[in-house]
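Novice: The following block contains the structure, expressed as structure tokens.
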Amino acid sequence: MTNSDAVLRTIEECVAACNACFAACLEEEDISMMRGCIRLDRECAEICGLLAGAVARKSENVAVYAAAAAELCEACGNECDRHDHDHCKRCAKACFDCLEVCKTLAA
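Residue numbers for the sequence shown follow this note's numbering, so the first one is 9 and each next one is one higher.
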């Protein structure tokens with residue numbers, strides 16, 4: 009596996025974790041408490057999906073996408089980390105892993 013494959017896999021794992029967390033949050037009993045998490049899950053999944061596409065096609069704009077994704081990965085990871093749900097903890101880890109990749113790609 010190449011470094012590029014590992015980078016892409018980390019980003020795609022973040023997208024999947026955010027989407028899973030989003031869906032699980034919608035099923036929580038106190039959905040109003042999960043609003044911030046739901047919003048950030050969607051935004052993070054969307055920007056990381058765009059970043060994954062840029063990385064896959066070797067776009068000259070990867071750094072631009074990565075900088076935006078880093079901000080949302082950090083925000084989503086921090087929000088998810090505030091909650092005790094397993095899906096939130098898994099999402100936070102995926103976001104923080106992706107954040108490190110994004111920082112490297114944005115540099």
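Just so it is clear, CB atoms sit at the ideal spot from N, CA and C, and this is done for glycine as well.
Tell me which same chain residues have a C-beta within less than 6 Å of the C-beta of A102, skipping the five on either side of it?
Specialist: Once the five neighbours on either side are set aside, the close Cβ partners of A102 are E21, C22, A25.
Novice: I believe A78 touches L107 by the beta-carbon criterion, under 8 Å. Please report the beta-carbon distance rounded to the nearest angstrom.
Specialist: Indeed, because the Cβ distance is near 6 Å, the residues count as touching under 8 Å.
Novice: Hey, out of H91, S40, K111, E37, whose CA is closest to E82's CA?
Specialist: Ranking the options by Cα distance to E82, first place goes to K111.
Novice: With a Cβ-Cβ cutoff of 8 Å, do C96 and C56 count as a contact?
Specialist: No, the pair does not count as a contact, with Cβ atoms beyond the cut-off.
Novice: Using the three-state DSSP reduction, which class does N69 fall into: helix, strand or coil?
Specialist: It is coil, neither helix nor strand.
Novice: Round the Cβ separation of D89 and A100 to the nearest angstrom and send it over; I've been treating them as touching at under 8 Å.
Specialist: That belief holds up - the Cβ atoms of D89 and A100 are roughly 4 Å apart, short of 8 Å.
Novice: Considering only the beta carbon of each residue, do F30 and A53 sit closer than 8 Å?
Specialist: A contact, by the Cβ cut-off of 8 Å.
Novice: Unbroken alpha helix (DSSP H) runs of length 4 or more, entirely within the stretch 29-83: which are they?
Specialist: For the stretch 29-83, whole alpha helix (DSSP H) runs of length 4 or above, ordered along the chain, are 43-64.
Novice: If the criterion is Cβ atoms closer than 8 Å, does the pair H93 and A32 meet it?
Specialist: Yes, these two residues count as a Cβ contact at 8 Å.
Novice: Around the Cβ of E87, are there at least 16 other Cβ atoms within 10 angstroms (buried) or fewer (exposed)?
Specialist: Burial call: buried.
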